[in-house]
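Data block below; observations after.
2 protein chains.
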Amino acid sequence: MQYETPYAAPTLTVDLVGFQVIHGELCVLILKRPNEPFSGTWALPGGYNPEGETTEAALQRIIRHKISIDIDKDFSYIEQLYTFDTVARDPRGHAVAVTYLACGRAIELPSLDYETSFTPIVALPELAYDHADIIDYAHKRLAAKLLYTNIAFAFMPPKFTLTELQSTYEALLGRKLDKRNFRKKILSQDIISPSGELRTEAAHRPAQLYQFDHQELREVTETF
Amino acid sequence: MQYETPYAAPTLTVDLVGFQVIHGELCVLILKRPNEPFSGTWALPGGYNPEGETTEAALQRIIRHKISIDIDKDFSYIEQLYTFDTVARDPRGHAVAVTYLACGRAIELPSLDYETSFTPIVALPELAYDHADIIDYAHKRLAAKLLYTNIAFAFMPPKFTLTELQSTYEALLGRKLDKRNFRKKILSQDIISPSGELRTEAAHRPAQLYQFDHQELREVTETF
DNA sequence: TCAAAAGTGTTCAGGATACACCCATGC
DNA sequence: GCATGGGTGTATCCTGAACACTTTTGA
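Keeping their order, the protein sequence lines are chains A and B.
Letter 59 of the first sequence, counting from 1, is numbered 1409 in our numbering, and no numbers are missing.
Letter 22 of the second sequence, counting from 1, is numbered 1372 in our numbering, and no numbers are missing.
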């Protein structure tokens, strides 16, 4: 196509919806914006994607810079979520925002000049832009994927009990599951194996420890 | 974030994967590129997205300009497919491509200076860039959505027989379905209703005509 | 009367759901 | 010995899959 005026691209931004489960609650990574616009308001972490940098690389750089964590190292899984046109959304004018969804476990946030937090999705503060909708959308995607993939691997430590795994499923789905049916189902999916070790710390019968067979996303035929 | 140099955004492009079913075959809209790069090679229609225009608006404009059809009028359904980083893909350098998936029926292509075609996906020519992969991805998404939504509405005329509907499902899924099971299933989904009219043109028993209850995407609980 | 597509039911197997008690350990 | 979570099996229902013949029309 020909343009009379030189081609000018819209501003491109990338944002992260970073999840982990803490104390049986699904939490999402947010920060209190130190700068305008929406200074002082909580929002998803994100920033500008300049020419010459892929969206994943830009996100990696921005999260390292703004949150001081490393996406590849600290999150176990990442996928692209959706691309939003922000004509009406962003007071700075037209921009396009590519959003990513990431899942991890036991991520510690370094303390910074401004607040960052993994906040339970049931207790989120007011958020800038339409970030609350984006988190909802990511949560729906995540709950759906739980039913037909092994994505739970990204939330679990290397060794875990079936009860701990069930608790993660319940946190992500937002509902209770039957213990016997959960065990039958998860074992029939052939995505985890017993490690042979037992967890003996507690004042009750020791639990068998399991591990995920794969640390990459796989689809399963069985569903919940 | 601060930048030493002024912020420069990557080139933003939009591409369309446009589907319709012709003679029981799933077909996709491609054109023979009149310009470099890849001049003379078949590719998905697409173009540049300048600042100030949403990706959907840019796509609308580009398809009207390049194919002389109107997305809103000629396609019955459109959704965003995926956003690709094209660092390695595009010989012109770094670009970000937002792709859309659209579905329609009985779309007639006006003749132009260069070739455009709804080509059966089983008989696609060599395509520019990684457009063949993008079409595969779109096809998978479509087949998945067929199982848990009413998306077939976008491929069907206002009135149709159950056999015609089954043929569309078979074209999209790439496999044959059992007639009795299909009818039980589709009727249990409560997404179509008999119109009361019959199709009597042919040399066999007349068929009941059905219509979709809704012309927007809905999810169904029942699946195939 | 024949060709061609429309229309219709049953059986079977496997998965989903609901549900309650005994087991092994630390204190 | 008791509190705590670990671990297990069965009965029922529902859904998915396989499968063949009769009906109605136009030519």
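Idealized CB from N, CA, C, for every residue including glycine.
The structure presented is a predicted model; accordingly, all values stated were derived computationally and were not measured.
When you compare each of A:K1416, A:T1433, A:E1406 to D1422 (chain A) by their alpha carbons, which one comes out closest?
A:E1406
Reduced DSSP category for V1472 (chain A) - H, G, I as helix; E, B as strand; rest coil
helix
Classify I1551 (chain A) as helix, strand or coil using the three-state DSSP reduction.
According to the sequence provided, residue 1551 (chain A) is Glu. The question's Ile does not apply to it. Three-state DSSP puts E1551 (chain A) in coil, outside helix and strand.
Can you find a C-beta in chain B that's less than 7 Å from the C-beta of D1422 (chain A)?
no
Under 8 Å by Cβ, that's how I've got L1512 (chain B) and Y1560 (chain B) pegged, so tell me the actual separation to the nearest angstrom.
Right, their Cβ atoms sit about 6 Å apart.
Please give me, in chain order, every unbroken run of the beta strand (DSSP E) with length at least 3 that falls completely inside the segment 1377-1424 of chain A.
1396-1398
Taking Cβ positions only, does P1356 (chain A) come closer than 7 Å to chain B?
no
At which residues does the alpha helix (DSSP H) containing I1541 (chain B) begin and terminate?
Looking at the DSSP string, I1541 (chain B) is not in any alpha helix (DSSP H), and its letter there is neither H nor E.
Determine the extent of the beta strand (DSSP E) in which D1365 (chain A) is found, giving its start and end residues.
1361-1372
Could you give the DSSP three-state label for T1499 (chain A): helix, strand or coil?
strand
Sequence-distant residues of its chain with Cβ nearer than 6 Å to I1417 (chain B) (five each side left out)
P1395, T1466
Does the segment 1517-1528 of chain A come into contact with the segment 1545-1562 of chain A, if we say contact requires no fewer than three beta-carbon pairs (one atom in each stretch) closer than 8 Å?
no
Kindly say whether L1362 (chain A), judged by its beta-carbon, lies nearer than 7 Å to any beta-carbon of chain B.
Yes - at least one Cβ of chain B is within 7 Å of the one on L1362 (chain A).
What does the alpha-carbon distance come out to for the pair V1446 (chain B) and Y1357 (chain A)?
14 Å
Chain A contact residues for Q1558 (chain B), given Cβ-Cβ distances below 9 Å:
Neighbours of Q1558 (chain B) on chain A: none; closest Cβ ~34 Å, over 9 Å.
Examine the Cβ distances between the segment 1526-1535 of chain B and the segment 1491-1509 of chain B and report whether three or more of them are shorter than 8 Å.
The segment 1526-1535 of chain B and the segment 1491-1509 of chain B do not touch, with fewer than 3 CB-CB distances between them shorter than 8 Å.
For Y1398 (chain A) and T1361 (chain A), believed in contact at Cβ under 8 Å, the rounded distance
7 Å
Quick one: using the 10 Å Cβ neighbour count with 16 as the cut-off for buried, is L1462 (chain A) buried or exposed?
exposed
Contact set between N1399 (chain A) and chain B, taken where Cβ atoms lie within less than 9 Å:
A1359, P1360, V1446
Give me the DSSP bridge partner(s) of G1454 (chain B).
B:Q1370, B:F1425
Work out the CA separation of D1486 (chain B) and R1555 (chain B) for me, nearest whole Å.
R1555 (chain B) and D1486 (chain B): Cα-Cα distance of roughly 39 Å.
Identify whether Y1519 (chain B) lies in helix, strand or coil by the three-state DSSP scheme.
If DSSP states are grouped into helix, strand and coil, Y1519 (chain B) belongs with the helices.
Taking C-beta pairs closer than 8 Å, name the residues in chain B that Y1432 (chain A) reaches, listed in chain order.
Q1430
Secondary structure at Y1432 (chain A), three-state DSSP: helix, strand or coil?
strand
Per-residue burial, E1370 (chain A) [other beta carbons within 10 Å of its own, 16 or more giving buried]
It should be noted that the sequence gives Gln, not Glu, for residue 1370 (chain A). Counting Cβ neighbours within 10 Å, Q1370 (chain A) comes out buried, since at least 16 surround it.
Three-state secondary structure (DSSP) of T1449 (chain A):
strand
Helix, strand or coil for Y1487 (chain A)? Go by DSSP, reduced to three states.
helix
Does DSSP classify A1482 (chain B) as helix, strand or coil?
helix
Among A:P1507, A:T1550, A:A1488, whose alpha-carbon lies nearest the alpha-carbon of D1563 (chain A)?
A:P1507
What is the DSSP secondary structure of F1562 (chain A), reduced to helix, strand or coil?
strand
For L1477 (chain A), collect the residues of the same chain with a Cβ closer than 8 Å to its Cβ; drop the 5 residues on either side in sequence, then sort them by chain order.
I1380, T1391, W1392, A1393, L1394, I1485
Would you grab the beta carbon distance between V1364 (chain A) and I1428 (chain A) for me? Rounded to a whole angstrom, and I think it's under 8 Å.
Taking the Cβ atoms as the reference, V1364 (chain A) lies roughly 11 Å from I1428 (chain A), outside the contact range of under 8 Å.
For A1557 (chain A), the residue or residues it bridges with in DSSP:
Here A1557 (chain A) is bridged, per DSSP, to A:R1549.
Just confirm the distance between the C-beta atoms of L1431 (chain A) and V1367 (chain A), as a whole number of angstroms; I'd bet it's less than 8 Å.
6 Å
Given a cut-off of 7 Å on the beta-carbon distance, is the pair H1481 (chain A) and G1402 (chain B) in contact?
Cβ atoms of H1481 (chain A) and G1402 (chain B): not closer than 7 Å.
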